[in-house]
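Engineer:
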Amino acid sequence: MTDKQNTEMHFILADDHLIVRQGMAMLVKEIFPQAKIWQADNFTKVRQLLQEIAVDVLILDVSFPEGNSLSLLPEIKKCQPDCKVMIFSALEEEVHALYFYNAGAQAYLNKLSDEEQIQKALLALVNEGRYLSEIVKELFFTSNFKEKPLNPMDYLSERELEVARLMVKGLGNLEISNVLNLQKTTVSTYKKRIFEKLQIEHLAALIELFVYYHEQ
18 MTDKQNTEMH
28 FILADDHLIV
38 RQGMAMLVKE
48 IFPQAKIWQA
58 DNFTKVRQLL
68 QEIAVDVLIL
78 DVSFPEGNSL
88 SLLPEIKKCQ
98 PDCKVMIFSA
108 LEEEVHALYF
118 YNAGAQAYLN
128 KLSDEEQIQK
138 ALLALVNEGR
148 YLSEIVKELF
158 FTSNFKEKPL
168 NPMDYLSERE
178 LEVARLMVKG
188 LGNLEISNVL
198 NLQKTTVSTY
208 KKRIFEKLQI
218 EHLAALIELF
228 VYYHEQ
């Protein structure tokens with residue numbers, strides 16, 4: 018057991034699902050017996066706690082009723098620059114992780130991770146200041162050395178991005194073809210390319226990507 022594991026550390030567990038917070042609290046206590054743990058189920062509570070206590074680690078979900086946590090990361094860093102942030106999300110690392118690291122998080126972990134991996138991530142975050150899974154390491158390598166865009170929207174051409182914007186606004190193929198003066202079959206082709214390039218399968222996933230990336 019390291020010195021930090023025997024030190025009183027302050028954790029905030031922020032997730033709008035109680036069962037997730039309770040499960041993570043149990044894991045934190047196993048690794049850091051002296052830890053003080055606060056819980057939050059919304060952005061307002063997170064902001065309040067950041068004003069009241071010095072936080073060592075903030076474990077933060079991506080999605081809350083008020084929005085996504087990308088918008089909260091700059092506030093966290095401004096308020097408590099030494100606070101280590103772990104994103105704990107159901108979203109795939111391959112699609113989302115790099116953008117959160119780029120925005121200031123020090124760790125990204127999928128909620129499907131097993132107990133051993135979560136413990137490994139928490140120890141690395143506390144002892145080394147950062148945690149990178151094997152998936153994320155490969156993503157960083159690809160991004161740095163092969164110039165892969167951090168923002169998946171950068172894969173789209175200007176015309177594909179125009180079509181994607183209209184899809185997100187709720188327009189169907191016929192409406193999009195009228196707005197952009199395209200054949201319906203051409204719109205269908207663009208939609209297929211968009212889904213393939215972004216590695217998604219449905220409109221809901223496209224809307225989610227726009228929320229997290231395009232509109233930032």
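Following the numbering used here from start to finish, the sequence shown increments by one per residue and tops out at 233. Idealized CB from N, CA, C, for every residue including glycine. This one's a predicted model, so the numbers in the text were calculated from it and none came from an experiment.
Assuming V74 contacts M103 (C-beta within less than 8 Å), just tell me the rounded distance between them.
Structural biologist: Translated into positions along the sequence shown, residue 74 becomes position 57. Translated into positions along the sequence shown, residue 103 becomes position 86. Yes, they are in contact, since the Cβ atoms of V74 and M103 sit about 7 Å apart, within 8 Å.
Engineer: Does DSSP classify A120 as helix, strand or coil?
Structural biologist: Here residue 120 corresponds to residue number 103 of the sequence shown, with the count starting at 1. If DSSP states are grouped into helix, strand and coil, A120 belongs with the helices.
Engineer: Counting only the same chain and skipping the five closest in sequence on each side, list residues whose C-beta sits under 8 Å from that of P308.
Structural biologist: Absent from the structure is residue 308, since the part of the chain shown begins at 18 and ends at 233.
Engineer: With 16 as the cutoff for other CB atoms within 10 Å, does S174 come out buried or exposed?
Structural biologist: Reading the sequence shown from its first residue, position 157 is the one you call residue 174. Burial call: exposed.
Engineer: With V79 as the anchor, note down where its beta strand (DSSP E) starts and where it stops.
Structural biologist: Counting from 1 along the sequence shown, the entry for residue 79 is found at position 62. V79 -> no beta strand (DSSP E), and no H or E assigned at all.
Engineer: Around the C-beta of R38, are 16 or more other C-beta atoms found within 10 angstroms, so that it is buried, or is it exposed?
Structural biologist: The residue you call residue 38 lines up with position 21 of the sequence shown. The residue is buried, with at least 16 neighbouring Cβ atoms inside 10 Å.
Engineer: For Y125, which of helix, strand or coil comes out of DSSP?
Structural biologist: Within the sequence shown, numbered from 1, the residue matching residue 125 stands at position 108. In this structure, Y125 counts as strand in the three-state DSSP scheme.
Engineer: Could you give the distance in angstroms between the alpha-carbon of A138 and the alpha-carbon of D58?
Structural biologist: Counted from its first residue, the sequence shown places residue 138 at position 121. Counted from its first residue, the sequence shown places residue 58 at position 41. Those two C-alpha atoms are separated by around 22 Å.
Engineer: To test your reading of the DSSP string, which unbroken beta strand (DSSP E) runs of 3 or more residues are found completely within the region 34-111?
Structural biologist: Those beta strand (DSSP E) runs which fall completely within the region 34-111 and span 3+ residues are 53-57, 74-77 and 101-106.
Engineer: Indicate the three-state DSSP secondary structure (helix, strand or coil) for H27 in the structure shown.
Structural biologist: As a first step, residue 27 is located in the sequence shown; it is residue number 10 there, counting from the start. Three-state DSSP puts H27 in a strand.
Engineer: Would you identify the three-state DSSP class for L220, choosing helix, strand or coil?
Structural biologist: The residue labelled residue 220 in the question sits at position 203 within the sequence shown. DSSP places L220 in helix when its eight states are reduced to three.
Engineer: Return the residue from the list N144, I70 and F60 that minimises the CA-CA distance to D78.
Structural biologist: Start at 1 with the first residue of the sequence shown, and residue 78 comes out as number 61. Here the closest residue by C-alpha is F60.
Engineer: Straight-line CA distance for F81 to K53?
Structural biologist: Position 64 of the sequence shown, counted from the start, is the residue given in the question as residue 81. Position 36 of the sequence shown, counted from the start, is the residue given in the question as residue 53. Using only the alpha carbons, I get a separation of about 23 Å.
Engineer: Check Y229 in the structure and name its three-state DSSP category.
Structural biologist: What you label residue 229 is simply residue 212 of the sequence shown in a count that begins at 1. Here Y229 sits in helix by DSSP.
Engineer: Using CA atoms only, rank isn't needed, just tell me which of E25, K94, E151 and Y125 is closest to L108.
Structural biologist: Here residue 108 refers to the residue found at position 91 of the sequence shown. Closest by alpha carbon: Y125.
Engineer: Measure the C-alpha to C-alpha separation of A141 and L197 and round it to an integer number of angstroms.
Structural biologist: Stepping through the sequence shown from its first residue, residue 141 is reached at position 124. Stepping through the sequence shown from its first residue, residue 197 is reached at position 180. Their Cα atoms are separated by approximately 50 Å.
Engineer: Quick one: using the 10 Å Cβ neighbour count with 16 as the cut-off for buried, is S88 buried or exposed?
Structural biologist: In the sequence shown, counting from the first residue as 1, residue 88 sits at position 71. Counting Cβ neighbours within 10 Å, S88 comes out exposed, since fewer than 16 surround it.
Engineer: Take E25 as the anchor and find which of E111, V143 and M170 has the nearest alpha-carbon.
Structural biologist: Translated into the one-based positions of the sequence shown, residue 25 becomes position 8. Cα-wise, what sits closest to E25 is V143.
Engineer: Could you tell me which of P169, Q56 and E177 sits nearest to L35, measuring between CA atoms?
Structural biologist: Taking the first residue of the sequence shown as position 1, residue 35 is located at position 18. Considering only alpha carbons, the answer is Q56.
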